[in-house]
Every structure is written in C-alpha cells, then in structure tokens.
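Numbering (the numbering used here), first residue to last: 107 to 340. One structure below.
Here you go:
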C-alpha cells in the first residue's frame with residue numbers, strides 16, 4: 107500500500123480543508139502515511155483569519171465582509187489574513203521530514219519554491235522567490251513574476267510522537283482573480299484591526315494575466331502534481 111496520498115478538490119469549504127489537514131496529520135503521526143499532497147480551491151469567497159488577539163474576529167468585520175459576499179473563518183495558526191476564493195489554487199503539502207537531515211526552515215521553503223518554479227516553467231514563465239512590498243501575506247518566499255507576487259507561501263512544523271517532524275507547507279497561487287476585489291477584504295481587516303498598513307492590487311499578478319491559454323482546474327492540478335514529481339525532492 108502506498109504511503110503517499112494525493113487529494114484534489116475543485117470546490118471545498120475552507121473549514122473542510124482544515125479538517126482534512128488535521129486528519130492527514132494524524133495519519134502521518136500514526137505511521138500510516140509518509141506524505142500527502144492536497145490541492146484545493148475554495149468554493150466560497152472566505153477571508154481566513156489567523157489565530158491571536160492581533161486579528162480580532164469582530165462582528166463589524168463579519169458584517170463588512172458580508173456586504174461583498176465574503177465569509178470569515180478563523181484558523182488555529184498564526185500568520186496574516188488570506189483571502190480564499192474561486193480562482194485561487196492552494197497547495198497543502200504534508201510530509202515527514204527526512205530523519206537523516208537536520209530540519210531547516212529555509213530549505214523546506216526552498217524545496218517548495220523549486221516545485222513552484224518548475225510549475226511556472228511549464229508555461230515558459232520564469233519566477234523568483236522574494237518579498238513583495240505592499241502584498242498580502244508577504245514573506246521572503248513569495249513567488250514573483252516580473253516583480254509581481256503570484257504565490258504566497260507558509261509552513262509550520264508538527265512534532266511527531268516518538269521523534270521526527272511533520273512539515274505542513276502551504277501555498278496559494280493566483281490563477282484567475284480580480285486583484286482589486288481580492289485585496290478589499292484584507293484591507294478591511296487591517297482597517298478594523300487598527301493596522302496602518304494596506305495592501306495594493308498592482309503589486310500582485312495572476313497566472314491568466316501572463317499566459318494566453320486557459321487550462322482547466324483539473325489540468326492545473328495535473329501540472330502541479332507533475333511539478334512535485336519532477337522536482338525529485340519528496
């Protein structure tokens with residue numbers, strides 16, 4: 107029986123995805139799985155709020171989001187507010203870090219970035235990993251095309267019982283979205299949380315802004331899966 111699993115969801119609720127991540131973590135903890143690649147797209151526009159007092163889940167935020175038909179979902183881990191909606195493909199890659207290699211946060215990120223670079227090369231697009239000023243969920247391992255952010259990444263580590271580390275590597279890829287619309291819920295959250303910073307649409311880009319073809323979600327999932335296989339890193 108294979109200890110690798112591939113899960114693909116063309117439409118799924120954010121809450122359901124996080125439940126499935128928890129289930130997979132338990133399977134890896136139990137030694138039933140070595141890794142799981144989950145590819146998913148939210149079926150409803152949802153602002154995902156990180157844990158902690160920094161980002162209050164207020165009634166005014168819920169009401170403000172609802173005006174533009176956005177839902178709110180608070181997750182258990184930290185980070186920054188992230189808008190999830192149709193047109194954004196997500197990667198949740200859960201895997202057991204090799205026991206003979208010291209765990210390295212930069213290396214784990216670089217491995218994921220290598221996969222993403224391979225994915226974009228399938229469209230003859232060259233991408234670079236670096237921070238992107240005024241982008242949402244900014245970080246040193248954003249993927250950028252021509253200086254504009256197209257992917258945000260995150261990771262966390264779960265200690266495995268009996269030793270070892272489980273890595274949850276995450277990425278969102280902007281495929282086909284209205285950039286002005288996708289930043290509105292983030293800036294509303296910043297405003298209502300008394301934050302001075304604001305994100306700007308023009309520092310982002312989407313895949314369909316850079317290519318003429320229009321692959322289906324299923325085709326994009328196949329290409330992402332192939333990029334993981336071709337990398338030879340996992």
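Built from N, CA and C at the ideal position, the CB exists for glycine as well. Computed from a predicted model, the values in this text were never measured in an experiment.
Cβ-Cβ distance between residue i and residue j below 8 Å
i           : j           : result
residue 238 : residue 309 : yes
residue 278 : residue 217 : no
residue 187 : residue 155 : yes
residue 148 : residue 116 : no
residue 221 : residue 334 : yes
residue 153 : residue 243 : no
residue 226 : residue 330 : no
residue 114 : residue 247 : no
residue 141 : residue 122 : no
residue 200 : residue 127 : yes
Proximal residues to residue i (C-beta, below 6 Å), its chain only, five neighbours per side dropped
i           : result
residue 133 : 139
residue 233 : 223, 226, 249, 251
Environment of residue i [buried if 16+ CB atoms lie within 10 Å]
i           : result
residue 276 : buried
residue 178 : buried
residue 136 : exposed
residue 160 : exposed
residue 112 : exposed
residue 255 : buried
Whole-Å CB distance - residue i paired with residue j, under 8 Å assumed
i           : j           : result
residue 305 : residue 241 : 6 Å
residue 280 : residue 261 : Not a contact, Cβ separation roughly 19 Å.
residue 272 : residue 202 : 6 Å
residue 264 : residue 311 : That pair is no contact at about 33 Å.
Same chain, Cβ closer than 8 Å to residue i, five either side skipped, listed in chain order
i           : result
residue 183 : 156, 157, 262
Cβ-based neighbour list, residue i, same chain, cut-off 7 Å, excluding 5 preceding and 5 following
i           : result
residue 164 : 298
residue 168 : 178
request  = Just list the beta strand (DSSP E) runs in the region 226 to 256, keeping only unbroken ones of 3 residues or longer that don't cross its boundaries, in chain order.
outcome  = 249 to 251
request  = Ignoring anything shorter than 3 residues or poking outside the region 276 to 311, list the beta strand (DSSP E) runs there in chain order.
outcome  = none
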